[in-house]
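Worksheet: one structure, shown below.
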Amino acid sequence: ADRAIPAAKQKYVPASGTYPKGFLAGSAFAGVKASNTKYDDLALIVSEKPCVAGAVFTQNVFKAAPVKVSQGILAEKKGSDIRGVVVNSGCANAVTGGLGNDHARAMAAATDRCFGHDNPESLRTLVMSTGVIGQRLPIDKITSAIPKLHESLGSTHEHWLAAAQAICTTDTFPKLISRTFTLPSHPETTYSIAGMTKGAGMIHPNMA
Amino acid sequence: TLLATVCTDVAIDPQSVHKFLTSGTNKSFNCISIDGDTSTNDTLTFFANGAAAPADFQPLIHGKQSKNADVIAFQAVLDDFLTELAQLVVRDGEGATKFVTIRVRSDINYKAAKRAAVSVACSSLVKTALYGKDANWGRILCAVGYAPGIMSSTTINADRLVEPSRTSVSFIPSDGSEELRLLVRGEPQEVDEVRAKQILEMEDLEILVRLEDGPPEEAVFWTCDFSHEYVTINGDYRT
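Protein sequences appear in the order of chains W and Z.
Take 63 as the starting number for the first sequence in the numbering used here and just add one per residue.
Take 923 as the starting number for the second sequence in the numbering used here and just add one per residue.
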């Protein structure tokens, strides 16, 4: 499908940004959905050094495999020593049984290995997926593309924007914002915060 | 499905991340709806690596009684940031032509206000009326009246949550011009059709529902309209 951003939505896409120190973002093509033959559908956002992390998740009873696996990783690591998050679009990996859970863990493990961490019992990368419910991931395509994804990492605005685009499904524009701020105790120190999101349908979050 | 990732170079205590995130999410991503469908995959991940923190900076600890100025300041930054990010999702609602803020004020509690706001935001009839640019306040009121917990009279005094004679509905134009009062304390107003049309032509619109006399709790929820295009997009979607 044509990915041109509608004229009315272009004002929401930033031309530049200020990104937090020590974070990298990137994207790559895996071909998760058969109909997608050219647009990047994998994204990776990582901290150069493992860091503190948390998440909130859907309360839908049919939690997708990446949700269950990510919850498990955060519980096991107690919110510390986390590297980042790997995301695929094109398939939700939801209602996919035990194999779906294995595939979500395989995505995390493949990403961990890119950073020299090879312990499937103690994963450091969270996983998110979005797309059709009830279909299995083409996991070989994804794990083969993850090293390329690792090589794509960078800290420029273009890297962050590419990652924001790669997680989109029916979105008409990538959603990325960033800003700087200070805290009262050290007003001379400038901090940054950046975030990306996706979603245009099946949206009524009730996360906890 | 909603997915989000937020990163910051502030230092945060690992046990406190969840409190910051829950507080922020409850005022932002948990206050949006495009179509009332909660996905199997919704996730917001958050990372804090402390890379910009000075050597003597103590990681932020979000305690129950925390009045630490840094904690308060960071929570405010996070709340505002998550709200801006969440609103982008609503602006891209499938087939949407309008960005709608629903503000409900109740002097009972926040929960009562939020239930009413969610009910209005999820009403197909309200959303199609907005798409049609029709000032159909009756549908708004109807949605308030059937909100969960408002019709039920088991554990909650339902009559107290919403009293028709104390209910008012207005449209607030996004250009800062005067409020259009549609219903005032249960009494329908003579609506200036021309003015209503002007307001409904704008992309952004606020619906204000007042359920109160006393000092109000306020719930704010964001949604979009419901158009033919939404049906086309989802009818054509192939699994």
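The beta carbon of each residue, even a glycine, is placed where N, CA and C say it ideally should be.
A quick note: this is a predicted structure, and the numbers were derived from the prediction, not measured.
{"Query": "Alpha-carbon spacing of valine 1113 (chain Z) relative to glutamine 980 (chain Z), whole angstroms", "Result": "57 Å"}
{"Query": "4-residue-minimum alpha helix (DSSP H) runs that sit fully inside the region 203-269 of chain W, ordered along the chain", "Result": "219-228"}
{"Query": "Presumed contact (8 Å Cβ cut-off) between phenylalanine 235 (chain W) and lysine 71 (chain W), rounded CB distance", "Result": "4 Å"}
{"Query": "For lysine 989 (chain Z) and threonine 232 (chain W), the rounded distance between their alpha carbons", "Result": "42 Å"}
{"Query": "Residues in the region 967-991 of chain Z having any Cβ partner in chain W nearer than 9 Å", "Result": "Thr967, Phe968, Phe969, Ala970, Asn971, Gly972, Ala973, Ala974, Ala975, Pro976, Asp978, Phe979, Gln980, Pro981, Leu982, Asn990 and Ala991"}
{"Query": "Within 8 Å of chain Z by C-beta, residues of the region 201-216 of chain W in sequence order", "Result": "none"}
{"Query": "Check: alanine 1118 (chain Z) C-beta below 7 Å from any heavy atom of the ligand GDP", "Result": "Absent from the structure shown: the ligand GDP. Ligands present: none."}
{"Query": "CA-to-CA distance, valine 1153 (chain Z) to methionine 269 (chain W), given in whole angstroms", "Result": "26 Å"}
{"Query": "Environment of glutamate 250 (chain W) [buried if 16+ CB atoms lie within 10 Å]", "Result": "exposed"}
{"Query": "Proline 128 (chain W): contacting residues in chain Z (beta-carbon distance under 9 Å)", "Result": "Asn963 and Thr965"}
{"Query": "Per-residue DSSP class, three states only, for alanine 1018 (chain Z)", "Result": "coil"}
{"Query": "DSSP bridge partner residues for valine 148 (chain W) (one or two, in chain order)", "Result": "W:Leu106 and W:Val189"}
{"Query": "Isoleucine 1024 (chain Z) versus valine 1048 (chain Z) - alpha carbon distance", "Result": "11 Å"}
{"Query": "Per DSSP, cross-strand counterpart(s) of glycine 141 (chain W)", "Result": "Paired residues: none, contrary to the question."}
{"Query": "Min CB distance alanine 262 (chain W) to chain Z below 8 Å", "Result": "yes"}
{"Query": "Spatially closest choice to phenylalanine 968 (chain Z) from Z:Leu943, Z:Ser1045, Z:Trp1059 and Z:Asp959, by CA coordinates", "Result": "Z:Leu943"}
{"Query": "Neighbour list for valine 1011 (chain Z) in chain W, Cβ cutoff strictly below 8 Å", "Result": "Lys237, Thr259, Lys260, Gly261, Ala262 and Ile265"}
{"Query": "Residue range of the unbroken alpha helix (DSSP H) whose run includes glycine 159 (chain W)", "Result": "159-176"}
{"Query": "For serine 78 (chain W), the nearest candidate out of W:Ser217, W:Pro246 and W:Ile135 (CA to CA)", "Result": "W:Ser217"}
{"Query": "8 Å Cβ cutoff, threonine 1005 (chain Z) in contact with chain W", "Result": "no"}
{"Query": "Inter-residue spacing [alpha-carbon to alpha-carbon] between aspartate 1126 (chain Z) and alanine 1051 (chain Z)", "Result": "15 Å"}
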